[in-house]
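In what follows, a single structure is set out as structure tokens and then discussed.
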Ligand SMILES: Cc1cc2nc3c(=O)[nH]c(=O)nc-3n(C[C@H](O)[C@H](O)[C@H](O)COP(=O)(O)OP(=O)(O)OC[C@H]3O[C@@H](n4cnc5c(N)ncnc54)[C@H](O)[C@@H]3O)c2cc1C
Ligand code: FES
Ligand code: FES
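Protein chains in written order, with our numbering: chain F, 4 to 162; chain Y, 32 to 320.
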């Protein structure tokens, strides 16, 4: 039996009819066509499915779409400004080579966006703790850490 | 992988949730934060017929510092409890332990009560509840019971919560005066379940001698292993306490198993080292208290 749900995704009201077992990650990708959210492990370990639920980063692979009926979701597609200009976090990742293949990137971008909103000038340790739940098989993390600090700098310069 | 199909229920009140759970009986499961249950569904290790989602029950999203302790409602997420300054002041061990539970993003969804009911032998919060002598409040239509920690963790991933019961809150008692706590663990990667971990509590008398010392160990048995080491420490001030013999007493009480992550011997070794460190830390806190 399908259940009708309404989500506000990246500011747009979206409707879908999904079975109870539909993971939010699959709802976003298959029902709503937003394939920016990636799926790696489906048990909460890799972090590449991380999206913002009412502003807080959560694993979309460990959330049922029906549970978040009526809530607000931001995916990587929603991070850029309405005209398409990349957000400070996105620019910093591009500038510092914070990605190679890009598979992990949507999860890092969502996680870091929330991290810097709550803590605009994180210490090295706070950055490491903040991204500790996201795995990257390419970069070796050094440039991701640099990207986070650079994003904080850009945000400070532009505020 | 994807979860197997189930009937989904989204009750709007605790009363409705209890009725639904009672109706589903053995085939029902509660969905709280989903941070343990959904991985198990995705891996097809669980296949409940009915899932009762409590995420809309805002009446369970409570966190109260009461005169005797901290009461955590079933919908209070790890992150909320961890960030509460009131809780940190009243029961610091809860916050010390929560910082070791998974990653911040998992803590945004996972619930304290869900973690207790899930009763993973490697989880931190069951050890905290056991060490402090807390309890879990379980409800079914027309009946509520409080189960003390000593009787709550009944085995590997098994708790006293019966089919049809909803855990509505957990209670973490405050510390007696002149006491301190600490949590120490070793994990392969930051945020992973621990290979071994020890929560410790040390209490002092007016002459600052040790009158109570106990630990709760994770990952060395099917449930948290609680060991009273007051005798082994000797009735002495912390500076001259026999921590090494306390650590040996702890090791003697643990029966860890080997798995892909660590041998049984290594786990026992770690438990001894961590017990000493945690007891020393707790004693230092008690002296400062
Ligand atoms: C990558 C990863 C790493 C993790 N690392 C750790 C770690 O290091 N330490 C740790 O302790 N935990 C860890 N966890 C687990 C996490 O803490 C979970 O949040 C917690 O164990 C379960 O809480 P939940 O609210 O998500 O429960 P759920 O997943 O919703 O439920 C878990 C079980 O408890 C039952 N249940 C839940 N709430 C109730 C209730 N109110 N009444 C009756 N039954 C109920 C469910 O039916 C289910 O059987 C990790 C999880 C992930 C994904
Ligand atoms: S796909 Fe969700 S954490 Fe890996
Ligand atoms: S850039 Fe390839 S996994 Fe991170």
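Note that the Cβ used here is the ideal one computed from N, Cα and C, for glycine as well.
Flag residue i as yes when its Cβ comes closer than 8 Å to any non-hydrogen atom of ligand 2, and as no otherwise.
i: residue 28 (chain F); result: yes
i: residue 24 (chain F); result: no
i: residue 41 (chain F); result: yes
i: residue 138 (chain Y); result: no
i: residue 49 (chain F); result: yes
i: residue 62 (chain F); result: yes
i: residue 141 (chain F); result: no
i: residue 53 (chain F); result: yes
i: residue 126 (chain Y); result: no
i: residue 46 (chain F); result: yes
i: residue 65 (chain F); result: yes
Mind checking whether the beta-carbon of residue i lies closer than 8 Å to any heavy atom of ligand 1?
i: residue 135 (chain Y); result: no
i: residue 295 (chain Y); result: no
i: residue 81 (chain Y); result: no
i: residue 153 (chain Y); result: yes
i: residue 146 (chain Y); result: yes
Given that residue i touches chain Y, what residues does it touch there, using C-beta distances under 7 Å?
i: residue 135 (chain F); result: 134, 221, 222
i: residue 60 (chain F); result: 136, 139
i: residue 45 (chain F); result: 32, 73
i: residue 53 (chain F); result: 136
i: residue 11 (chain F); result: In chain order: nothing, as chain Y lies at least about 17 Å away.
Mind listing the chain Y neighbours of residue i? Cutoff is C-beta to C-beta under 9 Å, in chain order.
i: residue 50 (chain F); result: 134, 136
i: residue 6 (chain F); result: 39, 41
i: residue 128 (chain F); result: Within 9 Å Cβ-Cβ: nothing; residue 128 (chain F) doesn't reach chain Y, min ~11 Å.
i: residue 38 (chain F); result: Here the premise fails: no neighbours, minimum Cβ distance about 17 Å.
In three-state terms, what does DSSP make of residue i?
i: residue 73 (chain Y); result: helix
i: residue 81 (chain Y); result: strand
i: residue 86 (chain Y); result: coil
i: residue 290 (chain Y); result: coil
i: residue 174 (chain Y); result: strand
i: residue 129 (chain Y); result: helix
i: residue 39 (chain Y); result: strand
i: residue 201 (chain Y); result: strand
i: residue 5 (chain F); result: strand
i: residue 83 (chain F); result: coil
i: residue 303 (chain Y); result: helix
i: residue 267 (chain Y); result: coil
i: residue 36 (chain F); result: coil
i: residue 183 (chain Y); result: helix
i: residue 111 (chain F); result: helix
Residue i touches chain F at which residues, Cβ-Cβ below 9 Å?
i: residue 82 (chain Y); result: 23, 24, 67
i: residue 36 (chain Y); result: 22, 23, 24
Quick one: what's got a C-beta closer than 6 Å to residue i's C-beta in the same chain, skipping five residues either side?
i: residue 45 (chain F); result: 64
i: residue 96 (chain Y); result: 117, 121
i: residue 142 (chain F); result: 103
i: residue 141 (chain Y); result: 64, 66, 109
i: residue 91 (chain Y); result: 104, 105, 106
i: residue 307 (chain Y); result: 274, 278
i: residue 243 (chain Y); result: 234, 261
i: residue 168 (chain Y); result: 177, 199, 200
Who are the neighbours of residue i on chain F, taking C-beta pairs under 7 Å?
i: residue 313 (chain Y); result: Ordered by position in chain F, no residue passes the 7 Å Cβ test against residue 313 (chain Y), which lies about 24 Å from the chain.
i: residue 127 (chain Y); result: Result: empty, since nearest Cβ-Cβ is about 15 Å, beyond 7 Å.
i: residue 69 (chain Y); result: 65
i: residue 66 (chain Y); result: 47, 65
Under the criterion of a Cβ to heavy atom distance below 8 Å, does residue i qualify as lining ligand 3?
i: residue 66 (chain Y); result: no
i: residue 373 (chain Y); result: With chain Y covering only 32 through 320, there is no way to say anything about residue 373 (chain Y).
i: residue 112 (chain F); result: no
i: residue 108 (chain F); result: yes
i: residue 105 (chain F); result: yes
i: residue 102 (chain F); result: yes
Within the same chain, show all residues whose beta-carbon is closer than 7 Å to that of residue i, passing over the 5 residues directly before and after it, in chain order.
i: residue 80 (chain F); result: 13, 37, 39
i: residue 317 (chain Y); result: 209, 210, 211, 233, 234, 235
i: residue 295 (chain Y); result: 287, 288, 289
Among residues of its own chain, excluding the 5 on either side of residue i, which ones have a beta-carbon nearer than 8 Å to its beta-carbon?
i: residue 124 (chain F); result: 155, 159
i: residue 32 (chain Y); result: 73, 74, 75
i: residue 21 (chain F); result: 5, 6, 8, 30, 34, 68, 69
i: residue 196 (chain Y); result: 52, 169, 170, 171
By the criterion of Cβ-Cβ separation under 8 Å, what are the contact partners of residue i in chain Y?
i: residue 132 (chain F); result: 135, 221
Give a single yes or no on whether residue i has its beta carbon closer than 8 Å to a heavy atom of ligand 5.
i: residue 142 (chain Y); result: Questions concerning ligand 5 fall outside what the structure shown contains, since the ligands it does hold are ligand 1, ligand 2 and ligand 3.
Would you be able to state if there are at least three C-beta pairs under 8 Å between the segment 144-157 of chain F and the segment 48-61 of chain Y?
-> no
Could you tell me whether the segment 118-130 of chain Y touches the segment 83-101 of chain Y, where touching means 3 or more Cβ pairs closer than 8 Å?
-> yes
Decide yes or no for the touch test of the segment 199-210 of chain Y against the segment 253-272 of chain Y: beta carbon pairs closer than 8 Å, at least 3 of them.
-> no
So, do the segment 130-141 of chain Y and the segment 235-247 of chain Y have three or more beta carbon pairs nearer to each other than 8 Å?
-> no
Three or more beta-carbon pairs under 8 Å between the segment 249-268 of chain Y and the segment 277-285 of chain Y, yes or no?
-> yes
Sufficient close CB pairs (3 or more, under 8 Å) joining the segment 221-233 of chain Y to the segment 187-194 of chain Y = no
Counting pairs of Cβ atoms below 8 Å between the segment 86-100 of chain F and the segment 179-187 of chain Y, do you hit three or more?
-> no
Should the segment 75-83 of chain Y be called in touch with the segment 146-159 of chain Y, which here means at least 3 C-beta pairs below 8 Å?
-> no
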